[in-house]
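> So that we are looking at the same thing, I have put the structure below in structure tokens.
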Amino acid sequence: MTAFPTTSTAMFDEYLSTIRDQAIALNGQAVSVNLIGGQTLAGTLTYVTESLTGWPSGATQWPNALTVTVSTKVHKVRLDHVSSLGQG
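Read in order, the letters of the sequence shown are residues 0 to 87 in numbering that gives the first Met the number 0.
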């Protein structure tokens, strides 16, 4: 059995894949992140993937959390706590 780093997610369901794809597309931009509890964070999004070396060739490691910087405060949010993500 292969162990994966706890800071990344090896498998995504369709919902998390959609949030992940939006986070990749909006990386570095001003965003509004709506959380499942009803709170909203507005700030600059950071979500960076990295290519894995070795096997399997061309694999990508996706973090299981995104970072939103609001003013000077950094918030790390798990992807499964995000209800929606948008520009602005």
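Heads up, the beta-carbon is just placed ideally off N, CA and C, and yes, glycines get one too.
Note that the structure is a prediction, hence the values are computed from the model and not measured.
Restricting to Cα atoms, I'd like to know which of GLN86, GLY87, ARG77 is closest to GLY36.
Ranked by Cα distance from GLY36, the first of GLN86, GLY87, ARG77 is ARG77.
> Suppose you measure from the CA of VAL69 to the CA of GLY57; what does that come to, to the nearest Å?
34 Å
> When you compare only the Cα positions, how much space is there between GLY53 and GLN60?
Cα to Cα, GLY53 sits roughly 12 Å from GLN60.
> Using alpha carbons as the reference points, say which of ASN26, SER50, GLN38 lies closest to LEU44.
When only C-alpha atoms are compared, the closest one is ASN26.
> Pull up the DSSP beta-bridge partners for VAL30, would you.
GLY42, GLN86
> May I have the straight-line CA-CA distance separating HIS74 from LEU51, to the nearest angstrom?
About 26 Å.
> How big is the Cα-Cα spacing for LYS122 and VAL81?
Past the edges of the chain, shown from 0 to 87, lies residue 122, and the structure says nothing about it.
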